[in-house]
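Just below is one structure, and these are the notes that go with it.
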Amino acid sequence: MNYIKSIGQYFIMIYETFKRMTKTSELRRLILQELDDLIVSSLGIVVFISFFIGAVIAIQTALNFSNPFVPKSLIGFAARQSIILEFAPTFVAIIMAGKVGSYITSSIGTMRVSEQIDALEVMGINSLNYLVFPKIVAMCMFPFVIGISMFVGIIGAYFAGVYGGFLSAEEFLTGLQEDFIPFQVFYAFLKSFIFAFILATVPSFHGYYMRGGSLEVGHAATTSFVWTSVIIIFMNYFITQLLLS
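The sequence shown begins at 6 in this note's numbering and counts up by one.
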């Protein structure tokens with residue numbers, strides 16, 4: 006029953022978030038602040054992880070394609086498919102659930118503990134719109150982060166494959182272009198857009214409705230990461246089944 010109550014409470018929160026909008030000038034400031042906190046500050050870790058994961062994918066693929074009759078261009082093909090279809094949209098979303106999700110939960114949870122949210126309500130401000138709506142808008146830039154992750158991941162695979170001596174640059178580029186389906190890029194960006202909404206709202210839910218003190222803020226951040234990851238993985242399966250099967 007608690008799960009059913011939480012699901013209902015989550016959708017009520019989404020509905021209340023888009024009611025009684027905060028004045029435009031204040032929303033603009035909040036959105037720019039959230040863009041810096043949630044998107045810009047995450048670019049460094051995303052670029053670092055994307056490069057080396059792309060490199061690892063290329064090396065592991067090359068080591069498993071030891072048959073001389075298998076064309077080496079398949080290393081580039083496998084790296085492209087792995088990065089575009091799964092690694093960039095899904096793996097980066099899980100990383101963001103840990104970094105961004107924990108930040109959102111702890112920041113809103115701290116405001117709840119210190120009664121700042123109650124103060125917003127007393128002043129007649131829709132606290133959900135004030136706190137959650139700017140995060141949703143800012144996370145709409147998440148597909149841009151995924152695009153950077155795709156590009157950097159393929160660059161990492163190129164460097165590991167070519168400069169590691171597993172294949173030539175021409176073979177890698179041939180595999181990179183082989184059987185390219187543009188819809189797969191659309192699928193990846195659609196997934197990342199849905200994941201962005203989850204990353205903004207699920208941690209906000211756990212922070213907004215938490216009760217207790219500073220110890221409970223940490224517990225809420227951990228719970229938020231777990232549930233955000235679970236929902237992302239479930240939605241990944243559902244969207245893949247719906248669009249690619």
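All C-beta atoms in this analysis are idealised placements derived from N, C-alpha and C, irrespective of residue type, glycine included. Keep in mind that this is a model prediction, so the values were computed, not measured.
C-beta contact flag for residue i and residue j at 7 Å
{"i": "proline 94", "j": "lysine 196", "result": "yes"}
{"i": "threonine 228", "j": "leucine 133", "result": "no"}
{"i": "isoleucine 199", "j": "isoleucine 236", "result": "no"}
{"i": "serine 107", "j": "valine 222", "result": "no"}
{"i": "glycine 142", "j": "serine 209", "result": "According to the sequence provided, residue 142 is valine. The question's glycine does not apply to it. Against a cut-off of 7 Å, the Cβ pair of serine 209 and valine 142 comes out as no contact."}
{"i": "glutamate 39", "j": "proline 139", "result": "yes"}
{"i": "isoleucine 244", "j": "methionine 146", "result": "no"}
{"i": "valine 51", "j": "valine 207", "result": "no"}
{"i": "isoleucine 122", "j": "methionine 116", "result": "yes"}
{"i": "threonine 75", "j": "glycine 218", "result": "Per the sequence shown, residue 75 should be read as valine rather than threonine. No, they are not a contact pair."}
{"i": "phenylalanine 56", "j": "glycine 180", "result": "no"}
{"i": "alanine 60", "j": "alanine 174", "result": "no"}
Where residue i sits in the DSSP three-state scheme
{"i": "valine 61", "result": "helix"}
{"i": "threonine 22", "result": "helix"}
{"i": "threonine 206", "result": "helix"}
{"i": "proline 139", "result": "helix"}
{"i": "arginine 216", "result": "coil"}
{"i": "proline 148", "result": "helix"}
{"i": "isoleucine 130", "result": "coil"}
{"i": "phenylalanine 74", "result": "coil"}
{"i": "isoleucine 186", "result": "coil"}
{"i": "threonine 95", "result": "helix"}
{"i": "leucine 172", "result": "coil"}
{"i": "serine 46", "result": "helix"}
Nonlocal neighbours in the same chain, by C-beta distance under 6 Å from residue i, ignoring five residues either side
{"i": "leucine 178", "result": "none"}
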